[in-house]
Amino acid sequence: MATLRGADLVARALARGGAQRLFSLSGNQVMVVYDAAIDARLDIVHTRHEGAAVHMADAWGRLTGEPGVALLTAGPGHANGVGALYNALGAEAPLVLLSGHAPLGQLGRDAFQELRQADVAAPLCKAAWTAQSAATLGEDMARALRIAKSGRPGPVHVSLPYDLLEAKIDDADATLPAAEAFVTAAQPLGDAAVAAILELLARAARPLIFAAPAMAAGRGARLREALRAATGIPVLHSESPRGIADPTLGALPDLLAEADLVLLLGRKLDFTLRFGQSPAFSERCRFIHIDPEAEALRRSAVAIHDVERLPHAAQADACSAAEALIAGAKREFAGAATQAAWAAAVDAARAWRPPEWAQAESAEGAVHPLAVAREVQRALTARPEAVLVCDGGEFGQWAQACASAATRITNGPAGGIGGSIPYAIAACLARPGAPVIATLGDGSAGFYLAEFETAARCGAPFVAVLGNDARWNAEHLIQLRSYGPARAIGCTMQPTRYDLAVAALGGHGEHVTRAADVGAALERALAAGKPACVNVEIAPQAAPMLSRTGTPPGGAH
Ligand SMILES: Cc1ncc(C[n+]2csc(CCOP(=O)(O)OP(=O)(O)O)c2C)c(N)n1
Ligand SMILES: [Mg+2]
0 MATLRGADLV ARALARGGAQ RLFSLSGNQV MVVYDAAIDA RLDIVHTRHE GAAVHMADAW
60 GRLTGEPGVA LLTAGPGHAN GVGALYNALG AEAPLVLLSG HAPLGQLGRD AFQELRQADV
120 AAPLCKAAWT AQSAATLGED MARALRIAKS GRPGPVHVSL PYDLLEAKID DADATLPAAE
180 AFVTAAQPLG DAAVAAILEL LARAARPLIF AAPAMAAGRG ARLREALRAA TGIPVLHSES
240 PRGIADPTLG ALPDLLAEAD LVLLLGRKLD FTLRFGQSPA FSERCRFIHI DPEAEALRRS
300 AVAIHDVERL PHAAQADACS AAEALIAGAK REFAGAATQA AWAAAVDAAR AWRPPEWAQA
360 ESAEGAVHPL AVAREVQRAL TARPEAVLVC DGGEFGQWAQ ACASAATRIT NGPAGGIGGS
420 IPYAIAACLA RPGAPVIATL GDGSAGFYLA EFETAARCGA PFVAVLGNDA RWNAEHLIQL
480 RSYGPARAIG CTMQPTRYDL AVAALGGHGE HVTRAADVGA ALERALAAGK PACVNVEIAP
540 QAAPMLSRTG TPPGGAH
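Below, the structure written as structure tokens:
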């Protein structure tokens with residue numbers, strides 16, 4: 000039998016587990032994996048910063064449901080990349096981060112780029128470890144892919160010591176895990192739990208379902224729709240750190256305190272749901288919690304602190320539980336008479352936007368973010384297969400409030416800004432041929448601007464719609480509110496021609512200063528056939544506050 004290197008086992012096992020590409024930035028310790036990727040037929044997307052590679056793997060995981068795989072080099076490469084795991088963890092994206100590592104044989108001797116990498120990654124991962132033997136590298140890959148997808152999906156890290164990657168292994172085929180080793184076991188919801196939960200839901204007057212972040216796109220999004228269809232109960236999904244005040248949810252905060260039963264479907268009772276407390280929720284509102292993790296169930300029990308208000312808790316993964324509830328409800332579900340009117344009121348609240356938005360005019364030289372979002376929505380409506388990517392910040396919030404698409408990726412509940420350019424590139428690769436529009440502020444654009452070169456090289460023709468207000472407006476506004484205009488410091492930027500920079504990086508640039516020109520510029524960018532930037536000079540507006548009662552919902556951005 001052929002002799003293989005440890006790196007061949009890594010690459011072959013990844014391919015056997017369904018991986019198609021590695022999002023990567025090269026380095027000494029992983030070049031042998033690059034070499035092995037050729038025979039394993041793994042494509043390599045080489046980025047300009049390790050954080051971008053991890054963000055790409057995150058978006059790939061969210062869009063495909065299969066773990067995105069990032070491959071970084073040891074020490075500084077690994078350290079550069081781990082920060083990007085934070086959003087993936089919050090968004091519950093299946094992801095495997097592989098990093099080259101100093102040789103096991105040199106550890107503790109100040110080896111080149113020696114670092115306790117698994118310790119660095121551990122708080123941002125479901126699991127993190129350093130491979131210990133060359134012969135079991137295939138099993139390491141199978142285990143990593145399995146953990147990333149199981150229960151609450153999320154990032155997993157494996158450090159790959161260089162001496163193991165280079166080691167020659169005889170009888171290597173025998174050590175490649177069988178196909179079953181890559182299969183993720185579901186955590187199903189038992190029949191008794193299904194019956195009990197459906198009965199509680201049916202008897203409630205004003206029930207709501209909050210879905211897990213993992214149900215944002217793909218299978219999860221389809222299940223959300225099917226659950227709504229089978230029960231008639233609104234299935235809410237928010238992806239912003241603003242939680243219940245997510246601009247996508249419209250005026251929902253006004254109604255939330257009327258809910259009498261909330262099913263948390265893989266959704267933690269965390270800060271995004273104000274820990275289930277009043278005034279966001281009624282003090283009499285009851286909760287059902289389904290979660291794959293015992294610890295999350297324990298925390299909701301502590302937060303609610305009243306067994307009467309937590310009539311059911313069950314350990315199961317969100318998608319399996321949704322499937323079981325849908326099947327059960329299809330057999331039999333008759334909600335209380337009040338439920339249809341309640342669902343209609345919730346739908347109306349979600350769709351509500353202030354009427355004055357329809358008239359929001361843009362002053363010369365200072366385009367209102369609404370005018371930009373309107374054109375983005377027009378372009379999306381004409382392209383139902385399009386993917387919308389939204390970054391954070393004030394401009395990102397406007398886009399999230401006003402633009403929607405069947406498939407949308409945001410910076411998620413974790414709220415880290417700057418990932419949208421790599422997300423958009425990964426979206427182009429995950430959905431070949433689908434138009435991809437990213438909305439982002441000028442501050443967010445700077446994090447990974449050089450990735451436009453990656454996009455041009457890899458043929459990822461997304462369009463970045465950049466709201467340029469020459470400031471980190473979200474933070475600038477905090478300064479104005481909290482410390483007064485005389486004490487604004489450090490949060491302005493130069494009015495920069497990002498469109499010219501994008502053209503220099505191999506893309507297409509548009510510079511827009513008038514609201515009337517946004518639509519045509521966006522269409523030209525979409526037709527350009529290369530990565531593009533529509534750089535719009537916008538007025539520095541505060542993010543939208545959606546409440547019909549005028550009470551600002553507050554919360555983070
Ligand atoms: C990684 C990360 N760093 C910093 C922040 C804090 N932060 C949130 S929004 C924001 C300003 C964003 O500026 P820009 O992208 O220009 O959007 P704007 O608010 O100006 O519309 C900052 C610094 C964050 N959320 N994530
Ligand atoms: Mg800005």
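Just so we're aligned, residue 0 is where the sequence shown starts under numbering that gives the first Met the number 0, counting upward by one.
Where is the CB? At the ideal position from N, CA and C, for every residue including glycine.
Only a predicted model underlies this, so the values are computations on that prediction, with no experimental measurement involved.
{"Asked": "Rounded separation between residue 47 and residue 13 - CA only", "Found": "23 Å"}
{"Asked": "Whether residue 214 touches residue 342 by CB criterion (9 Å)", "Found": "no"}
{"Asked": "Candidates 531, 67, 88, of which the one nearest residue 420 by Cα", "Found": "531"}
{"Asked": "Reduced DSSP secondary structure (H/G/I, E/B, other) of residue 556", "Found": "Caution is warranted here: a pLDDT of 45 is assigned to residue 556, below 50, making its placement in the model unreliable, and the coordinate value is therefore given only provisionally. DSSP places residue 556 in coil when its eight states are reduced to three."}
{"Asked": "Helix, strand or coil at residue 182 [DSSP, three-state]", "Found": "coil"}
{"Asked": "Between the CA atoms of residue 58 and residue 405 - distance to the nearest angstrom", "Found": "15 Å"}
{"Asked": "Segment limits, beta strand (DSSP E) that includes residue 314", "Found": "311-314"}
{"Asked": "Length of the line joining the Cα atoms of residue 38 and residue 31", "Found": "12 Å"}
{"Asked": "Alpha-carbon spacing of residue 435 relative to residue 17, whole angstroms", "Found": "24 Å"}
{"Asked": "Beta-carbon spacing of residue 144, residue 164 below 9 Å", "Found": "no"}
{"Asked": "Cβ pair residue 148, residue 93 closer than 9 Å", "Found": "yes"}
{"Asked": "Validate contact between the region 292-304 and the region 320-340 using beta carbons, cut 8 Å, 3 pairs", "Found": "no"}
{"Asked": "Buried versus exposed, by CB contacts within 10 Å (16 or more), residue 66", "Found": "buried"}
{"Asked": "Contact test: residue 469 Cβ vs ligand 3 heavy atom, cutoff 8 Å", "Found": "In terms of ligand content, the structure shown lacks ligand 3 and carries ligand 1 and ligand 2 instead."}
{"Asked": "Local conformation of residue 551 per DSSP, three classes", "Found": "Its pLDDT being 42, under 50, residue 551 is placed unreliably in this model, and the value from its coordinates should be taken loosely. Coil at residue 551, not helix or strand."}
{"Asked": "Buried or exposed by the 16-neighbour rule on C-beta atoms within 10 Å, applied to residue 193", "Found": "buried"}
{"Asked": "Cβ distance (whole Å) where residue 329 is taken to contact residue 229 below 8 Å", "Found": "5 Å"}
{"Asked": "Check: residue 488 C-beta below 8 Å from any heavy atom of ligand 1", "Found": "no"}
{"Asked": "At least three beta-carbon pairs within less than 8 Å, the region 386-397 to the region 470-488", "Found": "yes"}
{"Asked": "Residue from 292, 457, 89 with nearest C-alpha to residue 242", "Found": "89"}
{"Asked": "Proximity below 9 Å, CB of residue 505 to CB of residue 440", "Found": "no"}
{"Asked": "Any non-hydrogen atom of ligand 2 within 8 Å of residue 446 CB", "Found": "no"}
{"Asked": "Inter-residue CB distance, residue 70 and residue 23 (contact presumed, cutoff 8 Å)", "Found": "4 Å"}
{"Asked": "Alpha-carbon spacing of residue 534 relative to residue 82, whole angstroms", "Found": "27 Å"}
{"Asked": "Runs of beta strand (DSSP E) lying entirely within the region 266-315, each at least 3 residues, in chain order", "Found": "285-290, 311-314"}
{"Asked": "Candidates 375, 202, 371, 212: closest to residue 339 by CA position", "Found": "202"}
{"Asked": "Alpha-carbon spacing of residue 284 relative to residue 216, whole angstroms", "Found": "29 Å"}
{"Asked": "Cα-Cα separation between residue 234 and residue 223, rounded to whole angstroms", "Found": "6 Å"}
{"Asked": "Extent of the continuous alpha helix (DSSP H) run through residue 546", "Found": "Segment: none, residue 546 is in no alpha helix (DSSP H) and carries neither H nor E."}
{"Asked": "Every unbroken beta strand (DSSP E) inside the region 508-541 [3 residues or more]", "Found": "531-536"}
{"Asked": "CB of residue 497 within 9 Å of CB of residue 467, strictly", "Found": "yes"}
{"Asked": "Proximity test, residue 57 beta-carbon vs ligand 2 heavy atom, cut-off 8 Å", "Found": "no"}
{"Asked": "Cβ-Cβ separation, residue 100 to residue 56 (assumed contact under 8 Å), whole Å", "Found": "Rounded, the Cβ-Cβ distance is 18 Å, inconsistent with contact."}
{"Asked": "Alpha-carbon to alpha-carbon, residue 307 and residue 53", "Found": "43 Å"}
{"Asked": "Residue 393 beta carbon near ligand 1 (any heavy atom closer than 8 Å)", "Found": "yes"}
{"Asked": "Inter-residue spacing [alpha-carbon to alpha-carbon] between residue 333 and residue 219", "Found": "24 Å"}
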